[in-house]
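Listed in order, the protein sequences are those of chains A and B.
Residue numbers for the first sequence, in this note's numbering: 1 to 330.
Residue numbers for the second sequence, in this note's numbering: 1001 to 1330.
Even glycine gets a Cβ: it sits at the ideal position worked out from N, Cα and C.
See structure below.
Number of protein chains: 2
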Amino acid sequence: MATIRQLVLLTVFLSTVSCTAPSDVDPLPSWGAGSSRDSIIEFVEVVTDRSSADYVPVDERIAVFDNDGTLWSEQPLYFQFYYALSQIEKAAPAHPEWLDQEPYKTALAGNRDDILALGTKGLVEIILATHSGMTNAEFRQSVQAWIASAEHPTTHRAYSQMVFQPMLELMDYLRANGFKVYIVSGGGVEFMRAFAADIYGVPPEQTIGSELGLEIESTEDGLVLRRLAEIDFVNDKAGKPVGIQRAVGRRPIFAFGNSDGDLQMLQWTVAGDGPSFAGIVHHTDADREWAYDRESHLGRLDKALDEGAERGWTIVDMRSEWSVIYPIEE
Amino acid sequence: MATIRQLVLLTVFLSTVSCTAPSDVDPLPSWGAGSSRDSIIEFVEVVTDRSSADYVPVDERIAVFDNDGTLWSEQPLYFQFYYALSQIEKAAPAHPEWLDQEPYKTALAGNRDDILALGTKGLVEIILATHSGMTNAEFRQSVQAWIASAEHPTTHRAYSQMVFQPMLELMDYLRANGFKVYIVSGGGVEFMRAFAADIYGVPPEQTIGSELGLEIESTEDGLVLRRLAEIDFVNDKAGKPVGIQRAVGRRPIFAFGNSDGDLQMLQWTVAGDGPSFAGIVHHTDADREWAYDRESHLGRLDKALDEGAERGWTIVDMRSEWSVIYPIEE
Chain A
1 MATIRQLVLL TVFLSTVSCT APSDVDPLPS WGAGSSRDSI IEFVEVVTDR SSADYVPVDE
61 RIAVFDNDGT LWSEQPLYFQ FYYALSQIEK AAPAHPEWLD QEPYKTALAG NRDDILALGT
121 KGLVEIILAT HSGMTNAEFR QSVQAWIASA EHPTTHRAYS QMVFQPMLEL MDYLRANGFK
181 VYIVSGGGVE FMRAFAADIY GVPPEQTIGS ELGLEIESTE DGLVLRRLAE IDFVNDKAGK
241 PVGIQRAVGR RPIFAFGNSD GDLQMLQWTV AGDGPSFAGI VHHTDADREW AYDRESHLGR
301 LDKALDEGAE RGWTIVDMRS EWSVIYPIEE
Chain B
1001 MATIRQLVLL TVFLSTVSCT APSDVDPLPS WGAGSSRDSI IEFVEVVTDR SSADYVPVDE
1061 RIAVFDNDGT LWSEQPLYFQ FYYALSQIEK AAPAHPEWLD QEPYKTALAG NRDDILALGT
1121 KGLVEIILAT HSGMTNAEFR QSVQAWIASA EHPTTHRAYS QMVFQPMLEL MDYLRANGFK
1181 VYIVSGGGVE FMRAFAADIY GVPPEQTIGS ELGLEIESTE DGLVLRRLAE IDFVNDKAGK
1241 PVGIQRAVGR RPIFAFGNSD GDLQMLQWTV AGDGPSFAGI VHHTDADREW AYDRESHLGR
1301 LDKALDEGAE RGWTIVDMRS EWSVIYPIEE
């Protein structure tokens, strides 16, 4: 009997053959003709071409994507903060003292600049207060209920409709070519896992993020995992290569980010021995999305923009290279 | 164009069909007729039967295996300690002071009981001294060189030939039925990853273990990850459910262990909502392997043996249920 692994290899082989054969189906329809599209396709064709010196076996085709600002929007606040604010609003009636107590007072007032001005200490307190104490399963249900009903304060879209259509196509294209696609987010891993399979097709075991401490607890229904009010791992900047190594155990060959928080992930990816691809989403479209880079409080893109330009990384000009930003609403 | 995911699902479906159809090929030839074999096959047939109330979708078929004592032997010392001792011997000529300095003096003398008597502090010092300081890539190469040439002190087999043939068959059987098989070891994750793909067919991203701290370092060749002399995570006892949740993001439905260090992993697995399987390897064969349980210093099986008996878990009597222990040597 053939093992699953053998059948998967056969499947991937057949799929690779069909992808490298001429096809009328455009795998990246929302990517306008441009250098980013060309560099992506050229890379994928080379690493999947068995006759190429740069051929990469399927097992090693690891692709990593930042989430906030790379797979979906991140303005005017990271979407995970909107989840946190919604939970504080929900709990506020039971906490009248919050009206005079920071950071809750500012969180409840809801002014974006004031919230950012709370600084790391205040923001961490908001996150811990709303993300810990419950079991992992309860937290997942809460996030799923929120994402199913909440809408973004300025676009009034569902958050799940603020994913970038060109990146959905890119992830599908990579998967069709034997890549294993991971999300590597500075956001909370269990927050991401609550919806990543639905909106990105990325399963929980391929979703890496920041982590709270967990403890096991014995209940009438058996052991459960409870979320602690302590940050166990920050999957950002230098933490991203560490988070990837811990979860994947391999260096990626393909990485996409959008900010200086992704710089080390990109640097580590291109420092591998074989072929590699580093991509950056440059937010240049104030009409259809947002335009920001070096001076932004969220998703600052400064050092990585310079290094990417110097080293010939693929820098996507959102305005000119993406014919569509968000999926067409049904 | 079909995505890889669709093709994999098709593959798994076809494979499932072929497995549930009558077949002359015995998937578990080294498992003698007995209750363990029956309970394994019954569980797998039920969760893969689409007409069963206990059917489990492929995505949720997560199986976890302890390593030491479950997938390979662990006596008279955990094999990872033999790697550590080999590295101390190798470095000893440059460290004449070790002849009078603990724990190196005892490590170099090589007496098993004296080494265990060093206690946690001494053993941790031996592990840190031999597992840190180098890059992850250098460490992997060192472990691979060791496992390719070292032999076990009493059986004189290669360590890779001291894996349990019945468990190799069980992992293949599960994979052929759409399970994703993980190793969940108290041993070091990068130690395991150096050979787990070769000897068990388990890729690095499905290998979970204890972790040292990692730091990124800039070199002429770009960023590398260096191993720190600090323990970051202990993937044992209550740490096992936490390690699984972090890496997989789902509760397993199938777990196998052999000691009290696996108890919480087994308890957490059977506390899920759907069907679940908990198995324990009971080392009862002093002739072909080792016989030990409640009083053993390594791999003590006491509480889990009681709880497993009470709750009807599958407890494998190695002596009577395994017709073969180790693979036939070529």
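Scanning chain B for C-beta atoms nearer than 8 Å to the C-beta of A:T207 yields G1249, reported in chain order. With respect to A:P252, A:L28 sits apart: the two C-beta atoms are not nearer than 8 Å. A Cβ of chain A is located within less than 8 Å of the beta carbon of B:P1204. Under the Cβ criterion of 8 Å, B:A1238 is counted among the residues facing chain A. A check of alpha carbon separations from B:S1259 across B:V1143, B:R1140 and B:F1065 identifies B:F1065 as the nearest.
Beta-carbon to beta-carbon, A:F256 and A:T70 are separated by about 6 Å, close enough to satisfy the 8 Å threshold. For A:T284, no alpha helix (DSSP H) run applies, since DSSP gives it neither H nor E. Contact note: B:G1257 does not reach chain A at a C-beta cutoff of 9 Å; the least C-beta distance is about 14 Å. Closer than 7 Å at the C-beta level to chain A, one finds these residues of the region 1208-1221 of chain B: E1211, L1214, I1216 and D1221.
Around the beta-carbon of A:N111, fewer than 16 other beta-carbon atoms lie within 10 Å, marking it exposed. Residues of chain B whose Cβ lies closer than 8 Å to the Cβ of A:N136 are, in chain order, Q1245. In this model, B:L1301 and A:W322 are separated by some 60 Å (Cα to Cα). By a beta-carbon distance limit of 8 Å, B:E1089 contacts B:L1108. Their separation comes to about 7 Å. Close CB contacts of A:R61 within its chain, under the 6 Å cut and outside five residues either way in sequence, are with G178 and F179 (chain order). Within the model, the alpha-carbon separation for A:Y83 versus A:M318 is close to 26 Å.
The distance from the Cβ of A:V184 to that of A:G243 is about 6 Å, consistent with a contact at the 8 Å cut-off. By the Cβ criterion, the region 1030-1045 of chain B is in contact with the region 1275-1291 of chain B, since at least three pairs of Cβ atoms, one from each stretch, lie closer than 8 Å.
If you keep only unbroken alpha helix (DSSP H) runs of at least 4 residues inside the region 1074-1123 of chain B, you get 1079-1091, 1104-1109 and 1112-1117. Interface residue (Cβ-Cβ distance to chain A less than 8 Å): B:P1241 is classified as such.
The C-alpha of A:D262 lies about 20 Å from the C-alpha of A:E289. The Cβ atoms of B:R1226 and B:E1217 lie closer than 8 Å to each other. Look at B:A1271: its C-beta is under 8 Å from a C-beta on chain A. Along the region 58-92 of chain A, going in chain order, the ones with a CB nearer than 9 Å to a CB of chain B are D59 and I62.
At least one C-beta of chain B is nearer than 8 Å to the C-beta of A:W268. With a threshold of 8 Å between beta carbons, A:R157 makes no contact with chain B. A:V46 places its beta carbon 8 Å or farther from that of A:P241. Taking 8 Å as the cut-off, the beta carbon of B:L1228 is found closer than this to the beta carbon of B:E1215. At least 8 Å separates the CB of A:R311 from every CB of chain B. By the 16-neighbour rule on beta-carbons within 10 angstroms, B:H1297 is exposed.
Sequence-distant Cβ neighbours of B:D1114 in its own chain, meaning closer than 6 Å and more than five residues away, are T1106.
Bridge partners of A:K180 according to DSSP: A:I62.
Secondary structure of A:S185 (DSSP, three-state): strand.
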